[in-house]
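Colleague:
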Amino acid sequence: MWLTLWQIRNWFEYRNHICIVFEKLGPSLYDFLRKNSYRSFPIDIVRELGRQVLESVAFIHDLRPIHTDLKPENILLVSSEYIKVPDYKFISRSAKDGSYFKNLPKSSAIKLIDFGSTTFEHQDHRYVVSTRHYRAPEIILGLGWSYPCDMWSIGCILVELCCDLNIFPHPQLLPGSPSTNTSATAPPLFLFSATTGLFS
Numbered sequence: 000m001w002l003t004l005w006q007i008r009n010w011f012e013y014r015n016h017i018c019i020v021f022e023k024l025g026p027s028l029y030d031f032l033r034k035n036s037y038r039s040f041p042i043d044i045v046r047e048l049g050r051q052v053l054e055s056v057a058f059i060h061d062l063r064p065i066h067t068d069l070k071p072e073n074i075l076l077v078s079s080e081y082i083k084v085p086d087y088k089f090i091s092r093s094a095k096d097g098s099y100f101k102n103l104p105k106s107s108a109i110k111l112i113d114f115g116s117t118t119f120e121h122q123d124h125r126y127v128v129s130t131r132h133y134r135a136p137e138i139i140l141g142l143g144w145s146y147p148c149d150m151w152s153i154g155c156i157l158v159e160l161c162c163d164l165n166i167f168p169h170p171q172l173l174p175g176s177p178s179t180n181t182s183a184t185a186p187p188l189f190l191f192s193a194t195t196g197l198f199s
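Per numbering that gives the first Met the number 0, the very first residue in the sequence shown carries number 0; after that it's consecutive.
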């Protein structure tokens, strides 16, 4: 499963800095969604993306680290190539309207990146980790955390990919507000039917 992790090609020192050369990859899932007007992926692509992420995280966990910052920005498509397909949610619009089509990646191969927040099981787990949209309840409640916090993040990511929905949105923090916002709105009821069969 190491093939789904970002590969280091080389490293060198430059002006007292260590520089690392990584393999060239495509856009992150977040960038792909953003440039695609945040339209969802077909369920078969979400299944394949989910399989790869789960296998990658299982491989990492077997080595004992916890990623702690899984999110669409840290999952990169291997290729930048994509195809245009009709978007049937907008079928009533004029064919001249660009929103009639949406982009899909030609390849669903991905790689996990950004291990800067990775920690090990024996280290202190009382501090806050994870981006707020993907932060597990035990982190928010200050109960300590471990490997399951990565699994929570994966679940939030998969819902976002297949439902055009950030399951736990939060208001933009105002100046002076605490950096950890523990309030979240309940997910809409349609979400539970929309995700039925995701892994069937």
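Built from N, CA and C at the ideal position, the CB exists for glycine as well.
Only a predicted model underlies this, so the values are computations on that prediction, with no experimental measurement involved.
Three or more C-beta pairs under 8 Å: does that hold for the stretch 14-28 against the stretch 132-147?
Modeller: Taking 8 Å as the limit for Cβ pairs, the verdict is that the stretch 132-147 does not touch the stretch 14-28.
Colleague: Give a yes or no on whether the C-beta atoms belonging to residue 53 and residue 160 are separated by under 8 Å.
Modeller: Position 54 of the sequence shown, counted from the start, is the residue given in the question as residue 53. Position 161 of the sequence shown, counted from the start, is the residue given in the question as residue 160. Taking 8 Å as the Cβ cut-off, residue 53 and residue 160 do not qualify as a contacting pair.
Colleague: Mind checking whether residue 148 and residue 128 have CB atoms under 8 Å apart?
Modeller: As a first step, residue 148 is located in the sequence shown; it is residue number 149 there, counting from the start. As a first step, residue 128 is located in the sequence shown; it is residue number 129 there, counting from the start. In this structure, residue 128 lies closer than 8 Å to residue 148 by Cβ.
Colleague: Grouping DSSP H, G and I as helix and E and B as strand, with all else coil, what is residue 127?
Modeller: Taking the sequence shown and counting its residues from 1, the one referred to as residue 127 is at position 128. If DSSP states are grouped into helix, strand and coil, residue 127 belongs with coil.
Colleague: Going by other Cβ atoms of all chains shown within 10 Å of its Cβ, with 16 needed for buried, is residue 57 buried or exposed?
Modeller: Here the question's residue 57 lines up with position 58 in the sequence shown. It is exposed - the Cβ of residue 57 has fewer than 16 other Cβ atoms within 10 Å.
Colleague: Taking the straight line between their C-alpha atoms, what separation do you get for residue 31 and residue 6?
Modeller: As a position in the sequence shown, residue 31 is number 32, starting the count at 1. As a position in the sequence shown, residue 6 is number 7, starting the count at 1. Taking the straight line from one Cα to the other gives about 21 Å.
Colleague: For residue 20, report the span of its alpha helix (DSSP H) as first-last.
Modeller: Along the sequence shown, read from residue 1 onward, the residue named residue 20 stands at position 21. Taken as a continuous stretch (DSSP letters only), residue 20 belongs to no alpha helix (DSSP H), being part of the beta strand (DSSP E) at 16-21.
Colleague: Counting pairs of beta carbons, one from the stretch 39-47 and one from the stretch 153-167, are three or more of them closer than 8 Å?
Modeller: Enough Cβ pairs lie closer than 8 Å, so yes.
Colleague: Can you give me the C-alpha to C-alpha distance between residue 133 and residue 100, rounded to a whole angstrom?
Modeller: For the purposes of this step, residue 133 is taken as residue 134 along the sequence shown, with counting starting at 1. For the purposes of this step, residue 100 is taken as residue 101 along the sequence shown, with counting starting at 1. Spanning the two alpha carbons is a distance of roughly 29 Å.
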